[in-house]
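K.L.:
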Amino acid sequence: MAITMTPAAAERVKSFLKNRGRGVGLRLGVKTSGCSGMAYLLEFVDQIEEEDQVFESDGIKVIVDPKSMVYLDGTELDYGKEGLNEGFKFNNPNVKNSCGCGESFNV
Amino acid sequence: MALLQISEPGEAAAPHQHHLAAGIDLGTTNSLVASVRSGVAETLQDPDGEHILPSVVQYHGDGESPTVGLSARNAAVGDPLNTLASIKRIMGKSVDELKGIGGQYPYSFIETGSSVPRIETAAGLVSPIEVSAEILRNLGERAVETLGGDLEGVVITVPAYFDDAQRQATKDAAKLAGLNVLRLLNEPTAAAVAYGLDSQPEGIHAIYDFGGGTFDISILRLTRGVFEVLSTGGDAMLGGDDMDHQLVEWMRGQIGGEDEVSPSLLKYLLTEARLAKEALTEAEAVELQLQYGDYPGWQGSLTREQFNRLVDPIVQRSMRIVRRALRDAGVERDDVAEIVLVGGSTRVPLVRESIETFFARPPLQGIDPERVVSLGAAIQADILVGNNSDGDLLLLDVTPLSLGLEIMGGMTEVVIPRNTTIPVARAQEFTTFKDGQTAMSIQVVQGEREMVADNRSLARFELRGIPPMVAGAARIRVTFQVDADGLLSVAAQEENSGVQAEIEVRPSYGLSDGEVEGMLKDSYRFAEADRDARMLREQQVEAERTVVAMEAALQHDGDELLSAEERTQLEQLISCLRATAAKDDARAIEQLIEKTNRDSEFYAARRMDRSVHDALSGKSVDEIGEGE
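Just so you know, the sequences run in chain order C and F. Per my numbering, the very first residue in the first sequence carries number 1; after that it's consecutive. Per my numbering, the very first residue in the second sequence carries number 1001; after that it's consecutive.
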């Protein structure tokens, strides 16, 4: 399995990275806490760690640490609009239930 | 499903704990809100895709909430009394101050008990603060919807010349709108931040802000990541609108005909003028076809060269203000590293060319000059809520006018000079004037003139409970403190006894940049007269002090130490000194004080001998030795 990005998400990440002027890719991760167990993490990456797993999607490096990988395997990162708000979405097949807002989840 | 943004490495927030922040450019004509998302500062748009919100509020009767923005601006012609625009110009102004400028507004100002003016509308009386709050609330709500959560805080930009009252009024408006103000930021500083000038090691930068109705120039210096405003200058009545009017004059000359123009024709011509001006930023010439109602029409072309000749006087006026600001800052034009353009009028090619010629280098381009201020505010807000630990830049602003207090004789003693970077705290020691003086009145003033009466009084308070001492023995330390938002507090403490008093200055008055400018000009124009007035008052105060001291001494021991003849002589001197001090010859007063001191030396010597004698009498030599 792997981690993928929709073309819309890839395009946004590309432009954000260009604008930032540095960074090797995008980190997807999960961390404990939140109202329903786990929470997503989305960060720029300046340095890839030894244990990190790196995926290429549309020319962009997607970086995931092994602990997060077990929760994220098969995830597709999407970018969308809801009203005035816009941002990234995790389409994660591992999720059993999530809190109302979708910011944290259970597997 | 929540929508997520990308964070800096290691700074992803815990769920439901995002630090959302926005920057707001609260302008005279237009306002904008911006925020940093996924590391990029962007202006936020409303549901119709508009970024710019006209700073216009229309009030309605029967409890309907006010309309803000474009629809309010469009309603202005039909409903002038309830549609409030350009409110920023009267923020922080008192009723008295409005008497001068209120006539320019079509609204009905109402005098109430308070010093804050109210405007009568269909929704009742509203203050300028409430009107601004409506604009801020609108932008705040847009940010909450766009960012998908409550704002932790906002950074609001204000002109660098805004005084305490205007800054406080802006903060009050934000509070009323339910926004937490992280910081008020000077507009030029925000523009420099948007261009990332703060990431350079150091340099002096000029921020040239040419809007629709106002012109401002600020000279900033960056050293080791710290921004400091060296000087500001401007003209509140100079802007792109003046170019439009100049062009209308020209059009009327082409059309010919009557001298009087109806308001509707004028409006038509202004619109045509603005369109021509905008077209000429790209094109070398535009074809004009003027036809309105039954008025005679005109058809012809306008070249950029012609246009440049028409508006050149306006651009040159701005360049003169630039020169003065450089002189104020004490920098040469070659010292300026970068020039930042702000405001829609900087799109006019002649403006850019004039700047490039003057500074011998092109101004920075790339960021929309109408959005650049709000983008800088957003970047600063993002840092202040802790989203970007790299950006620990500290922004410093300056006091637009000197702050000081009144000393004996109605003179101004400056404690914090004008253009001092803030936040700042300065203390100065003062003392009592009379023996046994137990209270001191402290009048806080703002301005550049030598006499208090010519400056602006901000506040007055009293320090009471000073223990009785001889004149000059009390040590009263007065501390002026201006915080990061430009608000002043003044504290006074008598050092021997510890009694203290303080006041926070939240003055109900404000000054326009025009008035600040006027006060500065006066201080230059009257520099000589001020110096003479000050010298005279200094001598008069010194004469008064001498008279008071002599009289106290005579009353105390004059009979014992002086012969009748000597005493009469001294009394004559005193009355002579008093009479001379009442006139306005500083030199004569000074000479007479010297003479009085000389002629009374023998008396002072006798008093000294006497007090030494008193101190030593009745004591053994051993006791005196121990005392030493």
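Cβ atoms here follow ideal geometry from the backbone N, Cα and C, with glycine treated the same way.
1. Looking at chain C, is there any beta carbon in it that lies within less than 7 Å of the beta carbon of Leu1139(F)?
2. I need the DSSP call for Tyr1292(F), collapsed to helix, strand or coil.
3. My output table needs one value for Asn1030(F): the three-state DSSP class, helix, strand or coil.
4. Quick one: is Asp1382(F) buried, meaning 16 or more other Cβ sit within 10 Å of its Cβ, or exposed?
5. Using a Cβ cut-off of 8 Å, pull out every chain F residue sitting near Gly80(C), in sequence order please.
6. If Leu28(C) and Leu77(C) are in contact, beta carbons under 8 Å, what's the gap, nearest whole angstrom?
7. Does the beta carbon of Asn19(C) sit closer than 7 Å to a beta carbon anywhere in chain F?
8. Can you give the Cα-Cα distance for Glu1202(F) and Leu1230(F), rounded to whole angstroms?
9. Ser1108(F) lies in the beta strand (DSSP E); which residues open and close that run?
10. Whose C-alpha, out of Phe1433(F), Met1411(F), Thr1431(F), is nearest the C-alpha of Glu1448(F)?
11. In its own chain, which residues sit with a C-beta less than 7 Å from the C-beta of Val1424(F), not counting the 5 before and 5 after it?
12. Where DSSP assigns a beta bridge to Trp1298(F), which residues make up the other side?
13. For chain C, find out if any of its Cβ atoms is closer than 7 Å to the Cβ of Leu1393(F); answer yes or no.
14. Using only the alpha-carbon positions, how far apart do Arg1475(F) and Asp1164(F) sit?
15. Would you tell me roughly how many angstroms separate the C-alpha atoms of Ala1273(F) and Gly23(C), rounded to the nearest one?
16. Put Thr1271(F) into one of helix, strand or coil per three-state DSSP.
17. Is the number of C-beta pairs between the stretch 1356–1366 of chain F and the stretch 1248–1263 of chain F that are closer than 8 Å three or more?
18. Tell me whether Ile31(C) sits in a helix, a strand or coil according to DSSP, three-state version.
19. Taking only three categories from DSSP, how would you classify Phe1433(F)?
20. What residues in the stretch 1037–1071 of chain F have a beta carbon less than 7 Å from any beta carbon of chain C?
21. The ligand FMN and Val1068(F): does any heavy atom of the ligand fall closer than 6 Å to the residue's C-beta?
22. Following the continuous alpha helix (DSSP H) through Thr1170(F), name the residue where it begins and the one where it ends.
23. Specify whether the stretch 1532–1547 of chain F and the stretch 1491–1502 of chain F touch according to this definition: at least 3 beta carbon pairs, one from each stretch, less than 8 Å apart.
24. Counting only beta-carbon separations shorter than 7 Å, does Ile1006(F) have a partner in chain C?
25. Can you name, in chain order, every residue of its own chain whose Cβ lies under 6 Å from the Cβ of Thr1121(F), other than the five neighbours on each side?
26. Along the chain, where does the alpha helix (DSSP H) that runs through Gln1058(F) open and close?
27. Find out if the Cβ-Cβ distance for the pair Ser1318(F), Gly1240(F) is shorter than 7 Å.
28. Which residue from Val1490(F), Pro1047(F), His1556(F), Val1548(F) puts its Cα closest to that of Leu1577(F)?
29. Shortest alpha-carbon distance to Leu1341(F) belongs to which of Val1385(F), Met1440(F), Gln1005(F), Pro1188(F)?
30. Is it a yes or a no for the stretch 1364–1382 of chain F touching the stretch 1025–1038 of chain F, going by three-plus beta-carbon pairs under 8 Å?
31. Alpha carbon to alpha carbon, what distance is there between Leu1562(F) and Arg1607(F)?
32. By the criterion of Cβ-Cβ separation under 7 Å, what are the contact partners of Gly1148(F) in chain C?
33. Could you tell me the distance, in whole angstroms, from the CA atom of Lys1171(F) to the CA atom of Leu1184(F)?
34. Is the shortest distance between the beta-carbon of Glu1145(F) and the beta-carbons of chain B less than 7 Å?
35. Can you name the residues of chain F whose CB is closer than 7 Å to the CB of Phe55(C)?
36. With DSSP as the reference, label Ala1453(F) as helix, strand or coil.
P.N.:
Taking the definition as stated:
1. With 7 Å as the cut-off, Leu1139(F) does not count as an interface residue toward chain C.
2. If DSSP states are grouped into helix, strand and coil, Tyr1292(F) belongs with coil.
3. Asn1030(F) falls in the strand class under three-state DSSP.
4. By the neighbour-count rule (16 or more Cβ atoms within 10 Å), Asp1382(F) is buried.
5. Close partners of Gly80(C) in chain F (Cβ separation under 8 Å): Leu1003.
6. About 7 Å separates the two Cβ atoms, so the contact holds.
7. Interface residue (Cβ-Cβ distance to chain F less than 7 Å): Asn19(C) is classified as such.
8. Taking the straight line from one Cα to the other gives about 14 Å.
9. First-last of the beta strand (DSSP E) with Ser1108(F): 1108–1110.
10. It is Met1411(F).
11. Excluding residues within five positions, the ones whose Cβ falls inside 7 Å are Ile1416, Val1482.
12. Note: Trp1298(F) sits in a beta bridge opposite Leu1290(F).
13. Caution applies to Leu1393(F), whose pLDDT of 48 falls short of 50 and renders its modelled position unreliable; the value that the coordinates give is listed next. So, not an interface residue.
14. If you draw a straight line from the Cα of Arg1475(F) to the Cα of Asp1164(F), it comes to about 29 Å.
15. About 48 Å.
16. Collapsing the DSSP output to three states places Thr1271(F) in a helix.
17. Touching, no, given that fewer than three Cβ pairs across the two stretches are closer than 8 Å.
18. Looking at the sequence shown, residue 31(C) is not Ile but Lys. Three-state result, Lys31(C): strand.
19. It is coil, neither helix nor strand.
20. Residues of the stretch 1037–1071 of chain F that bring their beta carbon within less than 7 Å of a beta carbon in chain C comprise Ser1038, Gly1039, Val1040, Pro1047, in sequence order.
21. For the structure depicted, the ligand FMN is absent and the ligand set is empty, with no information on it obtainable.
22. Segment 1164–1176, the alpha helix (DSSP H) holding Thr1170(F).
23. Contact fails: fewer than three Cβ-Cβ distances are below 8 Å.
24. By this cut-off, Ile1006(F) is an interface position.
25. If we look at Thr1121(F) and ignore the five residues flanking it on each side, its Cβ neighbours are Tyr1059, Asn1082.
26. From DSSP, Gln1058(F) is part of no alpha helix (DSSP H) but of the beta strand (DSSP E) over 1056–1058.
27. Cβ distance not < 7 Å, so Ser1318(F) and Gly1240(F) don't count as in contact.
28. It is Val1548(F) whose Cα lies nearest to the Cα of Leu1577(F).
29. When each option's Cα is compared against that of Leu1341(F), the closest is Pro1188(F).
30. Segments in contact, yes.
31. Taking the straight line joining both Cα atoms gives about 10 Å.
32. In chain order: Asn85.
33. One C-alpha to the other measures close to 8 Å.
34. Going by chain labels, chain B is absent from the structure shown, which instead holds the protein chains C and F.
35. What Phe55(C) touches in chain F: nothing, since even the nearest Cβ is about 16 Å away.
36. Helix, per DSSP.
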